[in-house]
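Heads up, the sequence shown is in numbering that gives the first Met the number 0, so the first residue is 0 and it goes up one at a time.
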Amino acid sequence: MAAAGALFGPLFRATEGPVSARETVNRNSSPSDLKITDVRACRVAANYDYPLIKVYTNQGVYGLGEVRDAGVEGIALILKPYLVGRSPLDIEGNLKTVRQFAGHGRMGGGYSAADMAMHDIAGKVYGVPAYRLIGAKRRDRVRIYADTTDHKDPKIYAERMRKRKEMGLTFFKMDLHTELIADRPNAVNERGVSTDKGLGYLCEFIAAIRDVIGWSAPLAADHFGPLNVNDAIRYAKAFEPYQLAWAEDLLQTREGPRYPWQNWRGYKTIAEATTTPVNTGEDIFALEDGFRPLIDNHAVDVIHPDIETAGGLVETKRIADYAEAADVQVAMHHAGSPVGGFAGYHCAATFGDHFLAMENHALDMPWWQDLVTGVAKPIIDKGYVAVPEKPGLGLELNDAVVKEHLRRPGYFEPTPIFDDPIVSGFRLGGPWPHFDETGKWCNCVTYE
Ligand SMILES: [Mg+2]
Numbered sequence: 000m001a002a003a004g005a006l007f008g009p010l011f012r013a014t015e016g017p018v019s020a021r022e023t024v025n026r027n028s029s030p031s032d033l034k035i036t037d038v039r040a041c042r043v044a045a046n047y048d049y050p051l052i053k054v055y056t057n058q059g060v061y062g063l064g065e066v067r068d069a070g071v072e073g074i075a076l077i078l079k080p081y082l083v084g085r086s087p088l089d090i091e092g093n094l095k096t097v098r099q100f101a102g103h104g105r106m107g108g109g110y111s112a113a114d115m116a117m118h119d120i121a122g123k124v125y126g127v128p129a130y131r132l133i134g135a136k137r138r139d140r141v142r143i144y145a146d147t148t149d150h151k152d153p154k155i156y157a158e159r160m161r162k163r164k165e166m167g168l169t170f171f172k173m174d175l176h177t178e179l180i181a182d183r184p185n186a187v188n189e190r191g192v193s194t195d196k197g198l199g200y201l202c203e204f205i206a207a208i209r210d211v212i213g214w215s216a217p218l219a220a221d222h223f224g225p226l227n228v229n230d231a232i233r234y235a236k237a238f239e240p241y242q243l244a245w246a247e248d249l250l251q252t253r254e255g256p257r258y259p260w261q262n263w264r265g266y267k268t269i270a271e272a273t274t275t276p277v278n279t280g281e282d283i284f285a286l287e288d289g290f291r292p293l294i295d296n297h298a299v300d301v302i303h304p305d306i307e308t309a310g311g312l313v314e315t316k317r318i319a320d321y322a323e324a325a326d327v328q329v330a331m332h333h334a335g336s337p338v339g340g341f342a343g344y345h346c347a348a349t350f351g352d353h354f355l356a357m358e359n360h361a362l363d364m365p366w367w368q369d370l371v372t373g374v375a376k377p378i379i380d381k382g383y384v385a386v387p388e389k390p391g392l393g394l395e396l397n398d399a400v401v402k403e404h405l406r407r408p409g410y411f412e413p414t415p416i417f418d419d420p421i422v423s424g425f426r427l428g429g430p431w432p433h434f435d436e437t438g439k440w441c442n443c444v445t446y447e
C-alpha cells in the first residue's frame, strides 16, 4: 500500500502544497540496497551436462542461470568477485565488467549465465516477466524444433522422425553424418566428404523423412562433416529439391578459420551459389566480433545463436534485432536444461517475424521437464512452449530431481576458491618496493 501510494499518490496535498515530481516518480531504476552476495553452482549429468548457477543477494531474492551445455560451471564462478557487492539490477553495467572473461563457444557460458540470473532477479524485484525487461511480447508461445537419432536405414530413420511428429512437433531437423553412408561403395572420399554418388544416398534419407513429415513442414539438416566451400556448394545444391529450412554449419572448424564469423566470405560464397538457406552461429558469442560480419555481409540466410553462448538475453536480443534490420532470419540453438530454455523462450518472445524456431535437444529425456517447477507442463505442448507471465524467468529448480542427477556431489555449495579475482587491478595487495614522492626508498603504499 505504501509503495502504491508512493507511485500513484496524489499530485497535490491539501495542507503541504504541490508534491515534487521526484516523490511521484517510480524510482525502481535508482540504485538500491540490493546487492549480489554470492554465486554458486551445480552440474546436472545429462545428454550434454547442464551447469546451473544461482546468483544470491542480500535480500533473499536469487536468480538462476545456465552455462552452455557441455561446459563447466567454473566459467561462471570466476565472475563472482566481479559481481559480488554490485547491484544485480545494473545488468548491462555488470555485463560490461565481466565481458573480458567471455569468448566464443563454451567460453561464452559464464557471461550468458550471469545475464540470465540477473534478469531472473530483476524480473522478480520489479514484478515482471524477464521478456518485459528486454522488449515487448511479440508471441505468446515459442515454436520448437528438434532432430532425432539417426540410423543407417532411411526407413528406420524416417520412422523415428514420425514419432517426433506424433509428439506434436511441427518443425524438424535431421543429421546427415557421412557415417550414415560410409559402408556404401564409392560414397565417401578420402577426406570424409560425400562423393556425388554419396550425396545421392544422403538425399534418399531426406526423401524418406519428407515422406513421413510431408512437404509443408520445415525440415533443416546438420552435421555434414569436414566440408570446404566447394564441397558445401555441392551439398547445398544437391539438397535444393527438398526445400530445406536450412543447411547448418556447412563449414566445420577443422577446415579454415576457427569461427564462422571469421569465414563470412566462405559462407557468402556458398549462400550465393544455392537456393538452400545457409545457417550458422551456435558457437558465436556477441554481436560485435561475432555475428556482425555475417549479418552485415548477408553471408548467411539464417543465424543460430545459443543463448547460453551468445551472451544471454540482452546480447541475443541485440543480435536478433540487428539481424531483423538486415533481413536475416533467426533460429535458436539449444541443448541445455529448462533454465537456459526459458531464458531463450523469454528472449524469443520479443523477436520479430524473422524468428523461426528454437531447438530442444532433450525430447527423449523423461526427466528433462521435471528439473523445474512453476511452469506449465508439458513444457513443450504440441510443438510450442508457452511464454510465462510470472516474474523473472518464471521457474524454480525442483531440488529433489536436480539432486538425483548431479554430475558430482555438491548442490550450490560455497566456492571460496573463486573469491579472488582471476585478473587483479593495478598493484592490488599491499606495499611494494619503490621510491615514494619525496624520493625516499620505501616498501610501502604511497597511493592506491
Ligand atoms: Mg548444430
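Heads up, the beta-carbon is just placed ideally off N, CA and C, and yes, glycines get one too.
Identified DSSP bridge partners for residue i
| i | result |
| --- | --- |
| W448 | One cannot answer for residue 448 here, as it falls past the ends of the chain, which runs 0 to 447. |
| K53 | R39 and L63 |
| G310 | BP columns for G310 are empty, so no partner. |
| L201 | In DSSP, L201 forms no bridge with anything. |
| E395 | T372 |
| P128 | G391 |
| Y144 | E358 |
| Q328 | V301 |
| L33 | Its beta-bridge partners do not exist; DSSP assigns none. |
| L250 | L226 |
| L88 | L88 is not bridged to any residue. |
| L466 | Since the first residue of the chain shown is 0 and the last is 447, residue 466 is not available in this structure. |
| S193 | V187 |
| D380 | Y383 |
N-terminal and C-terminal residue of the alpha helix (DSSP H) that residue i is part of
| i | result |
| --- | --- |
| P153 | P153 to E165 |
| P234 | Strictly speaking, residue 234 in this sequence is Tyr, with Pro absent from that position. First-last of the alpha helix (DSSP H) with Y234: V228 to F238. |
| A270 | W263 to A272 |
| A246 | First-last for A246: W245 to E247, but that is the beta strand (DSSP E), not the alpha helix (DSSP H). |
| F341 | P337 to A348 |
| L82 | K79 to L82 |
| P184 | Per DSSP, P184 belongs to no alpha helix (DSSP H) and is neither H nor E. |
| A75 | G73 to L76 |
| P292 | R291 to D295 |
CB of residue i within 8 Å of CB of residue j, strictly
| i | j | result |
| --- | --- | --- |
| N57 | A361 | no |
| L405 | R42 | yes |
| G335 | E307 | yes |
| V60 | V38 | no |
| D174 | D114 | no |
| K267 | N296 | yes |
| K376 | I133 | no |
| A298 | W245 | no |
| T96 | Y81 | yes |
| I232 | A272 | yes |
| P259 | L218 | no |
| T169 | R131 | no |
| A319 | I283 | no |
| I90 | V313 | yes |
Residue span of the beta strand (DSSP E) that contains residue i, given as start and end
| i | result |
| --- | --- |
| V277 | V277 to T279 |
| D174 | F171 to D174 |
| D221 | L218 to D221 |
| F354 | F354 to E358 |
| A385 | Y383 to A385 |
| A101 | First-last for A101: undefined, no H or E at that position. |
Cutoff 6 Å; reference residue i; Cβ partners in own chain excluding five residues on either side
| i | result |
| --- | --- |
| E254 | Residue confidence is low: E254 scores 43 on pLDDT, short of 50, so the model does not pin down where it sits. Its coordinate-derived value is still stated next. Taken in chain order, the residues that qualify are P225 and N227. |
| F129 | The displayed chain sequence assigns Ala, not Phe, to residue 129. Hits under 6 Å: H118, G122, H345, G391 and L392. |
| R138 | A348 |
| L394 | F341, V371, G373 and V374 |
| W431 | none |
| A157 | A207, I208 and V211 |
| G108 | V66, R67, G70, I74 and E307 |
| H433 | none |
| G311 | S111, D114 and M115 |
| H332 | E281, H303, D305 and E358 |
Nonlocal neighbours in the same chain, by C-beta distance under 7 Å from residue i, ignoring five residues either side
| i | result |
| --- | --- |
| P30 | Here P30 scores only 48 on pLDDT, less than 50, and its place in the model is too uncertain to base an answer on. |
| R159 | T147, T148 and H150 |
| R140 | Y383, V384, A385 and V386 |
| N185 | T194 and K196 |
Heavy atom of ligand 2 within 7 Å of residue i beta-carbon
| i | result |
| --- | --- |
| V71 | The model on display carries ligand 1 but not ligand 2. |
Proximal residues to residue i (C-beta, below 8 Å), its chain only, five neighbours per side dropped
| i | result |
| --- | --- |
| L396 | L51, L63, V338, L370, V371 and T372 |
| C202 | A237, F238, P240 and Y241 |
| D300 | W245, A270, P276, V277, N278, V327 and Q328 |
Closer than 8 Å to chain D by CB, residue i
| i | result |
| --- | --- |
| A112 | As a matter of chain content, chain D is missing from the structure shown, which is built from one protein chain. |
* **Residues surrounding ligand 1 [beta-carbon distance to nearest heavy atom under 7 Å]** => D221, H222, E247, D248, E281 and H332
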